[in-house]
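Engineer:
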Amino acid sequence: MVNVFKRLTKSLRLISLKKSEDFFLKQINDEKIPVHVAIIMDGNGRWAKARRLPRIAGHRAGTKVVHQIVEVAAELDVKYLTLYAFSVENWQRPKSEVSALMGLFDKMLAKEIKELHESNVKFIAIGRLNELSQRLQKTIEKAMRLTEKNTGLILNIAINYSGRVEIIDCVKQIAKKVDRKELEPDKINEETIINNLYVPGAPDPELLIRTGGERRVSNFLLWQIAYSEFWITPVLWPDFKKINFLKAIYEFQLRERRFGGLQ
Ligand code: FPP
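To convert, note that position 235 of the sequence shown is 1247 in the numbering used here; the numbers rise steadily by one, no gaps.
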């Protein structure tokens, strides 16, 4: 009897969720879908703690959400989705959590890449990848090579990433070009920087989502978010659903973006 009741309430919840998703899908203007959405996926640890589970259980639950959000982003025709999976600062976490996370990235990528490829997704890992384990580097290289010609959603996963380090790496590349006399220092402009970031020429994210309620940028895409719209939700990443993503897009479309101008 208890089980029947549980199943019934779950079905009712799913029906009402589907209705809310349809509501937002209808409200969303197809002409104003952000080209680039970036997400700081925060709250896995708190999600696990609330359930008296180890932190890695939160990260594991988080991978399932990654799958769903990639699907909905592709469905909406978002062109770039950039997800913050591991920062250079995250190495300071306990060794056991770091190695479990690295194992999870490897496993998830190896498992999902076929489906990503079939869905025409182009996978790109950004960050100081040469500092990752040989095994993970190989999985990443394989995934990037397999999907490099795909023309659908461009999925950037930031691993061992830091916005400041990206700028340092960009400056180093530019300095080398100057050294080789391929570039005149006086000609360096915004375009030069954009073309030497980890994903050369990518448009800035119009929308930056942060789950887990914190109000900070955490060293993510520091150059690229100059005029991004920031959307923060208290929802923890493992609880983040299609409906939350749709709501973020809908609310983004209501924002008036002035880029420092007046109108
Ligand atoms: C932040 O939550 C989350 C991370 C450091 C890891 C994010 C990883 C995933 C979502 C898993 C898989 C992702 C990919 C792309 C394969 P936190 O641990 O800081 O949470 P807390 O603030 O509640 O402690």
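No residue lacks a Cβ here, since even glycine has one placed at the ideal position from N, Cα and C.
Quick caveat, the model's predicted, so the values are computed rather than measured.
Straight-line CA distance for residue 1107 to residue 1037?
Structural biologist: Distance between the alpha carbons of residue 1107 and residue 1037: 42 angstroms.
Engineer: Of the residues 1155, 1085, 1130, 1104, which one's Cα is nearest the Cα of residue 1119?
Structural biologist: 1155
Engineer: How far does the alpha helix (DSSP H) with residue 1229 in it reach, from first residue to last?
Structural biologist: From DSSP, residue 1229 is part of no alpha helix (DSSP H); its letter is neither H nor E.
Engineer: So what does DSSP say about residue 1159, is it helix, strand or coil?
Structural biologist: helix
Engineer: Tell me which residues share the same chain as residue 1041 and place their Cβ nearer than 7 angstroms to its Cβ, disregarding the 5 neighbours each side in the sequence.
Structural biologist: 1265
Engineer: Comparing alpha-carbon positions, which option in 1062, 1094, 1247 lies nearest residue 1225?
Structural biologist: 1247
Engineer: According to DSSP, simplified to helix, strand and coil, what is residue 1241?
Structural biologist: If DSSP states are grouped into helix, strand and coil, residue 1241 belongs with the strands.
Engineer: Any contact of the stretch 1073–1080 with the stretch 1139–1153, i.e. 3+ C-beta pairs under 8 angstroms?
Structural biologist: Per the Cβ contact rule, the stretch 1073–1080 is not in contact with the stretch 1139–1153 (fewer than 3 Cβ pairs under 8 angstroms).
Engineer: Use the C-beta contact count for residue 1273: other C-beta atoms within 10 angstroms, 16 or more gives buried, fewer gives exposed.
Structural biologist: exposed
Engineer: Using a Cβ-based criterion (distance less than 8 angstroms to any ligand heavy atom), does residue 1095 qualify as near the ligand FPP?
Structural biologist: For the ligand FPP, at least one heavy atom lies less than 8 angstroms from the Cβ of residue 1095.
Engineer: Verify whether the separation of the beta carbon atoms of residue 1095 and residue 1167 is less than 9 angstroms.
Structural biologist: yes
Engineer: Report the rounded CA-to-CA distance for residue 1240 versus residue 1018, giving the unit in angstroms.
Structural biologist: 42 angstroms
Engineer: To which residues of the same chain is residue 1164 closer than 8 angstroms at the C-beta, ignoring the five residues directly before and after it?
Structural biologist: Scanning its chain for C-beta atoms nearer than 8 angstroms, with the 5 sequence neighbours on each side dropped, one finds around residue 1164 the residues 1086, 1131, 1132, 1133, 1134, in chain order.
Engineer: Using C-beta distances below 7 angstroms, list every residue in its chain close to residue 1060, excluding the 5 sequence neighbours before and after it, in chain order.
Structural biologist: Closer than 7 angstroms at the Cβ level, and outside the excluded window around residue 1060, lie 1066, 1067, 1069, 1070.
Engineer: Report the three-state DSSP secondary structure of residue 1201 (helix, strand or coil).
Structural biologist: coil
Engineer: According to the neighbour-count rule (16 or more other Cβ atoms, all chains shown, within 10 Å of its Cβ), is residue 1051 buried or exposed?
Structural biologist: buried
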